[in-house]
Amino acid sequence: MSVDETAPLRVLVVDADPRIRADVIALLESSDELSVVAETSDASSALALAERLRPDIVLVDAAASRLSTPLSRAARVFVLAATGDDAVEPAVRDGACGHLVPGAFTPHDLIRGVRDASRVSLGLSAREAEVMDLIATGRSNGEIARQLFLSEKTIKNHVNRIYAKLGVSSRATAIALWRGMMSVMPAKD
């Protein structure tokens, strides 16, 4: 399975400024790895949309960043704000994964942010994260070993540790968790 054959990450965009919201959506839709499932200017409707649609990522403007805690229970949250905005630090403290500056980030930056957040929340080491990145691109253990100049047995050991840390038994499930397509949080009753 290659990255192109995996389902795109689903994104909800919350921004009161229609121009910024349109620019962010246009940027995200330029990537095959991201799909905008909804947009809203209204911070109060963001929670209802997130609950109903279960996006993988929620991008919220600084004004809506107070929703970081409840939104972070359903998705990975990134705050859209200018550098130095006072809303960023409290939002990250309350559960946001990171901060993106509108007009200054690429789809790759967002995907890397999701992967970094996954690595931290899933407890993988830097080497395990590197192996997981290669697994997510569809490479076999042998291909990963050659690329990293390691033995195939070493890669198998990394894969086994990754599976144990993630609590999974298959590559597909590991990839879904890594890409942020599955929640690592327990399902709601």
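Heads up: the sequence shown begins at 1 in the UniProt record's numbering, then just goes up one per residue. Where is the CB? At the ideal position from N, CA and C, for every residue including glycine. Source: prediction; values computed, not measured.
Within the UniProt domain "Response regulatory" (10 to 118), the alpha helix (DSSP H) runs of at least 4 residues that lie entirely inside it are, in chain order, 18 to 29, 43 to 53, 68 to 72 and 88 to 93.
DSSP, reduced to helix, strand and coil, places Thr-154 within a helical segment of the structure shown.
In this structure Lys-165 is in contact with Leu-124, their Cβ atoms being roughly 6 Å apart against a cut-off of 8 Å.
Only exposed fits Val-120, as fewer than 16 other CB atoms lie within 10 angstroms of its CB. Within the same chain, Leu-80, Ala-81, Ala-82 and Thr-83 come within 8 Å of Val-101 by CB-CB distance, once the 5 residues on both sides are set aside. Assignment of Arg-161 by DSSP, reduced to helix, strand and coil, places it in the helix class. Check the Cα spacing between Glu-128 and each of Phe-105, Gly-98 and Ile-175: the tightest is with Ile-175. Within the same chain, Cβ atoms closer than 7 Å to the Cβ of Ala-16 are found at Ser-41, Asp-61 and Ala-63, the five residues on either side in sequence being excluded. At the C-beta level, Val-13 and Glu-33 stay beyond 9 Å of one another.
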